[in-house]
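Take the sequence shown: its letter number 68 is residue 414 in the working numbering, and every next letter is one higher.
Just so it is clear, CB atoms sit at the ideal spot from N, CA and C, and this is done for glycine as well.
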Amino acid sequence: MQIKTINNQVELDGKMKQFVHSKLSNIFLKNNDHIECNKILFINPPDGDEKMFNYNSAKSGRYTNFAPYGLGIISKHLKSLGYETKILNLNHLLLKKVNELDEQKFDYREIISEAISKEIKDFDPDLVGLTCMFSMTHKSLKNVSELIKNIKNVPVAVGGVHISNTIWNENTRKQLIQDLNKIDLFFLFEAELSFSEFINSINSDFNSIDSYKQLVIRDDNESVFFSSRERPEGENLNIIPEHDTMQSSELSNYGKVGNFNFLINKQDRITTILSNRGCRAQCTFCSVRNFNGKKIRTRSIQSIIDELLFLRDHQNIKHVMWLDDDLLYNTNRTIELFNEMIKQDVGITWDASNGVIASSVTEEIMSAAEESGCLGVVIGMESGNPKILREIRKPGTVEIFLRAAEVLKKHPKINSRAFLMIGFPKENYGQILDTINVSKKMDMDWNYITPLQPLPNTPIFDDMVEDNFAGTEAFGDIKYFVGGGYSGISSNKKSNNPLQNNFLEIFKDKDMEEVPGPKEIKVIWAFMNYYLNFERLSKVNIKEKIEQNYKWMNYVSNIVAKNDPIAIYYKMIMHRKFKGFYDNEDYNKFKSITQNSKVWKTNINHLGLTEINT
347 MQIKTINNQV ELDGKMKQFV HSKLSNIFLK NNDHIECNKI LFINPPDGDE
397 KMFNYNSAKS GRYTNFAPYG LGIISKHLKS LGYETKILNL NHLLLKKVNE
447 LDEQKFDYRE IISEAISKEI KDFDPDLVGL TCMFSMTHKS LKNVSELIKN
497 IKNVPVAVGG VHISNTIWNE NTRKQLIQDL NKIDLFFLFE AELSFSEFIN
547 SINSDFNSID SYKQLVIRDD NESVFFSSRE RPEGENLNII PEHDTMQSSE
597 LSNYGKVGNF NFLINKQDRI TTILSNRGCR AQCTFCSVRN FNGKKIRTRS
647 IQSIIDELLF LRDHQNIKHV MWLDDDLLYN TNRTIELFNE MIKQDVGITW
697 DASNGVIASS VTEEIMSAAE ESGCLGVVIG MESGNPKILR EIRKPGTVEI
747 FLRAAEVLKK HPKINSRAFL MIGFPKENYG QILDTINVSK KMDMDWNYIT
797 PLQPLPNTPI FDDMVEDNFA GTEAFGDIKY FVGGGYSGIS SNKKSNNPLQ
847 NNFLEIFKDK DMEEVPGPKE IKVIWAFMNY YLNFERLSKV NIKEKIEQNY
897 KWMNYVSNIV AKNDPIAIYY KMIMHRKFKG FYDNEDYNKF KSITQNSKVW
947 KTNINHLGLT EINT
């Protein structure tokens, strides 16, 4: 397959216009002689394919269930232009069916197939639009596109972060387009404007081919890539997505929305909201800047308040997770937003699960954040080594991280966490130890620790491909950390629990200049998870933190790490601190596991966990 790139800053000649016209005619004229695209069905594929999906994890509520926010915005744009649209959220449908059907009656593929077939039959769309956020969803996306084509030979388009990252990168572009051979059109980046303009063009006999942007028209022989971009600005950012058709009010009933659901009443509804697009940082492992561009574009304060009030009054939402990658950008605007939430009595709590930039964590901002309903924030730290921070272009220093942690300690009602990353190219034991030591000083409520998993179209991904460190896996086998159940489940195969290692030996007799390999990284992850997260719980003595950690350990021991004796042990510790006594059921479970497993018994002893007597 050849891919012809067109930069339409230069007007297309007649021959090229005819060439593109012919390709589009082949796509849209398969079933009739009249081109018409007035009904668009949007589908959000399941996050993971059938092999990845685990019924019990879904039943426990471990899987994430985010609103298809981008589809909701595009749908709203199209409806404002007079088009008919529908949204089918297959990820939500699967999680809902798990709660309605016994495992024996639950058939992943049948549920997906019947839902797609019904919507295509009832709605009879002229085009189906798909989205794909994470690379782990690639196989699921491919399966859905094949099911659609088997049901009806309708044009299929796709967009999203995974599509944008992979096509924009020359090393992966051709592979993706060839693999997704049932998809006709690929839209890159924020596509609400370019997609709407394309639909207008289809209905006007392709009269504006020379203005197509961020679009690939697929063909088995020669595809066409329109590489120019168009970013929404101004009033186009103030669109409130279609929360009704996105089923925002149901999502948290069947899955996890954000990282702080354990602090919220189980019956309270949670969804997502976006206040700005982009990020000031230039981190080499992140693709946000590539997807959204260099400039941060903000919505009007009132449009955000209007969306929050709509969610409260019409969707019965009690809590939101900000989707922003740089929520606290611009101090004055941030404080104005939080103050307006207070002034207009929004009454919705919120969290920043996506992370905030540490330099923005000031006393002024966090005071306003707490008063406006903030329950939790995550600081994007990644590393505690100055050299690594410079190499990955992280907009923070050790001093900034420590200062942010001190600010957050003054607001104990806010559950404060950090993102940590290990396994950067050529990162040695000593540099990882720096991260551990800085994190220990920060003493956050929890740390999300993950090995580096670089996204395509990022500087660090390109460097690792050149050095043969990355890029060899098939798309569907790349598992990006998303904070949900899929991050720990890639198949039905059981693997050794990484916690079952001798933590005390991890840095003993190590050459601090040595670079650990993949196996060593897994062991270091387990060490850090215990040392920075669990061990500190014994020392928690602030009232608000005791309650938060009690709720968190209850969630961890019952859902995230069920039957893990370390999680159960620290759940007992927090139960004792919060309620004044140990839980007998947990005690009996802990004793049973440790007495019947020599490995766990040895590790519990190595960790120095004291005997609990009820």
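By the C-beta density criterion, T677 is exposed, having fewer than 16 other C-beta atoms within 10 angstroms. Taking 7 Å as the cut-off, the beta carbon of V723 is found no closer than this to the beta carbon of A704. Unbroken beta strand (DSSP E) runs of no fewer than 3 residues, entirely contained in the region 518–572, are found at 531–533, 561–563, 568–572, following chain order. Between the C-alpha atoms of H438 and S594 there is a straight-line separation of about 10 Å. Within the same chain, I888, E890, K891 come within 7 Å of P758 by CB-CB distance, once the 5 residues on both sides are set aside. When rounded, the separation of the alpha-carbon atoms in I509 and F936 is 45 Å.
Relative to the Cα of S573, the nearest Cα in the group K786, T591, R519 belongs to R519. In this structure, P392 keeps its C-beta atom at 7 Å or more from the C-beta atom of S481. For a cut-off of 8 Å, the C-beta gap from N761 to D780 is around 25 Å, too long to register as a contact. The residue from G926, L766, K612 with its alpha-carbon nearest to that of W871 is L766.
Relative to the Cα of I586, the nearest Cα in the group G418, V504, T948 belongs to G418.
Rounded to whole angstroms, K854 and Y775 show a C-alpha spacing of 11 Å. Runs of the alpha helix (DSSP H) spanning 4 or more residues and lying entirely within the region 414–455 occur at 415–426, 436–444, in chain order.
F608 is bridged by DSSP to nothing; it lacks a bridge partner.
Put simply, the backbone Cα of I513 is about 12 Å away from that of V504. The region 636–643 and the region 654–665 do not touch, with fewer than three beta-carbon pairs separated by less than 8 Å. With a 10 Å radius around the Cβ and a threshold of 16 neighbouring Cβ atoms, V902 comes out buried. Residue environment for I919: buried (at least 16 other C-beta atoms within 10 angstroms of its C-beta). In the same chain as G726, and ignoring 5 residues on each side of it, the C-beta atoms closer than 6 Å to its own belong to G701, F765, in chain order. Judged by DSSP in its simplified three-state form, D791 adopts coil rather than helix or strand. When the Cα atoms are used, L669 and G360 turn out to be separated by approximately 43 Å. Partner residues in the beta bridge of K385, as assigned by DSSP, are E430. Its chain contains N638, R643 as the residues whose beta carbon lies nearer than 6 Å to that of R623, once the 5 sequence neighbours on both sides are disregarded; these appear in chain order. Using a 10 angstroms sphere on the CB of E860, the tally of other CB atoms stays under 16, which defines it as exposed. Annotated three-state conformation of M347 is coil, per DSSP. The beta carbons of F541 and F535 sit no closer together than 7 Å. Take the alpha-carbon of G475 and the one of L798: they are about 31 Å apart. Its Cα nearest to that of S403, the residue L441 stands out among P741, G428, Q894, L441.
In the three-state scheme derived from DSSP, where H, G and I count as helix and E and B as strand, S649 is classed as helix.
In its chain, beyond the 5 residues on either side, I768, I870 have a beta carbon closer than 7 Å to the beta carbon of I778. Apart from the 5 residues on each side of it in sequence, H589 sits with its Cβ closer than 6 Å to the Cβ of Q661 in its chain, given in chain order. If you draw a straight line from the Cα of D448 to the Cα of K868, it comes to about 35 Å.
Straight across, the Cα-Cα distance linking C629 with I734 is about 11 Å.
Rounded to the nearest whole angstrom, the C-alpha separation of I462 and E716 is 43 Å. Taken through DSSP and simplified to helix, strand or coil, N909 comes out as coil. Sorting I545, P771, M712 by C-alpha distance to the C-alpha of S729 places P771 at the top.
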